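Structure first, then comments.
Residue numbers (our numbering): 68 to 454.
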């Protein structure tokens, strides 16, 4: 690949470097820190009884954790994708590519993405593409990776700050509807770190989107990344803009697409919190980028295996045999998260007394125990509409 010198290639390498720099900086507090799991000292299980598998898009995933879309399209980023793909293969978790738009425009860059499928021929792979592309381009993205699903990312904030970004978002809804209708594989819609609001999730449901990753603020900040690439860095005021994965999950409507969550997932405990708030699985990018940044597949594999082991042990600690059973976990919502609940009319206290409300374990992987706490008389457990 010789495209590294191209503007798109330089942008990809800039994104990778700046995202890695954010991950190596001192950890910042985010909304996961305002979610506390209430400790019940006699609720623990034998970790051998815990099952991590979940059903996503009618496929069994071995764990409720996946490698979220990051990069691709240059020699530098191809080495990261190779390491991540090997780690996904060795641990059995799902993986998304970075945006393949560069490969659609310049086929010489495609090997930096194809390496994902070459190293992980039997794994669950998602091709990632920016919104606004045509249905034909979406099919080409799927074909490039022989993908099991298509991630369409929404990135209006990033485009606003990006020096070479688009400023016309008016065509996005119609373009998305066309892709959803024509895609040969299920379409997963995600943000890139600014959150999917209640209104947006409702619109996605009406468009026929089966699954959405709320991808909230608190992890890699693409407003900061793009601002670092601007002369004068004059968009610094948008750093931190958006809603967190935590508040997006709390505010999600019912019915809604099946929800995944990413954005600021730093530890296996954060994964547990997303599952307790109703996510089917949690996407991790920055925390897995660090060990893969220098192409070290062995290190990336070891890190992910450690996460899966700790996740199993945490679920045993909290008395959950399956990820779905975490939706009955008692949660204390504090700080900014509690303030969000108060301002939006959500009953934060409701989450602290799930067991006392008589919520039953969730046995069906296609249902969720999440309710709309704005309705005080609503039953404590209500299934989400099947997709």
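Glycine included, C-beta positions come from ideal geometry on N, C-alpha and C. No experiment lies behind these values; they were computed from the predicted model shown.
Below 9 Å between beta carbons: does that hold for residue i and residue j?
i	j	result
residue 103	residue 316	no
residue 318	residue 282	no
residue 164	residue 190	no
residue 308	residue 224	yes
residue 253	residue 217	yes
residue 249	residue 200	no
residue 155	residue 167	no
residue 208	residue 192	no
residue 339	residue 354	no
residue 329	residue 257	yes
residue 247	residue 293	no
residue 179	residue 233	no
residue 336	residue 271	no
residue 123	residue 372	no
residue 98	residue 314	yes
residue 404	residue 415	yes
residue 323	residue 131	no
residue 358	residue 150	yes
Rounding to the nearest angstrom, what Cα-Cα distance links residue i and residue j in this structure?
i	j	result
residue 455	residue 140	Since the displayed the chain opens at 68 and closes at 454, residue 455 lies outside it and no answer follows.
residue 204	residue 171	7 Å
residue 368	residue 148	13 Å
residue 389	residue 222	33 Å
residue 297	residue 286	21 Å
residue 273	residue 255	14 Å
residue 379	residue 173	43 Å
residue 342	residue 202	32 Å
residue 117	residue 376	11 Å
residue 276	residue 269	10 Å
residue 351	residue 120	17 Å
residue 226	residue 109	50 Å
residue 188	residue 300	42 Å
residue 325	residue 311	17 Å
residue 334	residue 290	23 Å
residue 235	residue 395	43 Å
residue 303	residue 288	11 Å
residue 128	residue 158	11 Å
residue 169	residue 401	42 Å
residue 186	residue 413	45 Å
residue 245	residue 212	21 Å
residue 284	residue 374	22 Å
residue 426	residue 231	Since pLDDT at residue 426 reaches only 46, below the 50 mark, its modelled position is unreliable, and the value read off the structure follows with that caveat. Their Cα atoms are separated by approximately 50 Å.
residue 242	residue 198	7 Å
residue 96	residue 125	35 Å
Under 8 Å from any heavy atom of the ligand MG, does the C-beta of residue i make it?
i	result
residue 328	Among the components modelled here there is no ligand, and therefore nothing to report on the ligand MG.
Taking residue i as the reference, which of the options has the closest Cα?
i	options	result
residue 184	210, 203, 355	210
residue 306	313, 98, 295	295
residue 278	159, 147, 353, 220	220
residue 421	344, 130, 240, 299	344
residue 262	417, 276, 327, 228	327
residue 142	175, 240, 341	175
residue 392	416, 146, 111	111
residue 146	234, 356, 405	356
residue 397	418, 384, 413	418
residue 384	101, 99, 96, 113	113
residue 182	291, 152, 131	152
residue 240	169, 267, 302	267
residue 360	160, 243, 402, 138	138
residue 115	401, 386, 402	386
residue 370	260, 133, 413	133
residue 260	244, 242, 243, 280	280
residue 194	95, 125, 251	251
> Any contact of the region 352 to 365 with the region 409 to 422, i.e. 3+ C-beta pairs under 8 Å?
Replying inline: no
>> Ignoring anything shorter than 3 residues, give me the beta strand (DSSP E) runs that lie fully in the region 329 to 376, in order along the chain.
In response: 348 to 351
> What are the start and end residues of each continuous alpha helix (DSSP H) run of 4 or more residues lying completely inside the region 250 to 292, in chain order?
Replying inline: 265 to 274
> Curious, which full-length beta strand (DSSP E) runs of at least 3 residues does the region 164 to 234 contain?
Replying inline: 192 to 197, 216 to 221
> Can you give, in chain order, each stretch of the beta strand (DSSP E) that sits fully within the region 86 to 147 and has at least 3 residues?
Replying inline: 102 to 104, 121 to 123, 126 to 128, 132 to 134
> Counting only runs that start and end within the region 392 to 420, where is the alpha helix (DSSP H) found for 4 or more residues in a row?
Replying inline: 402 to 411
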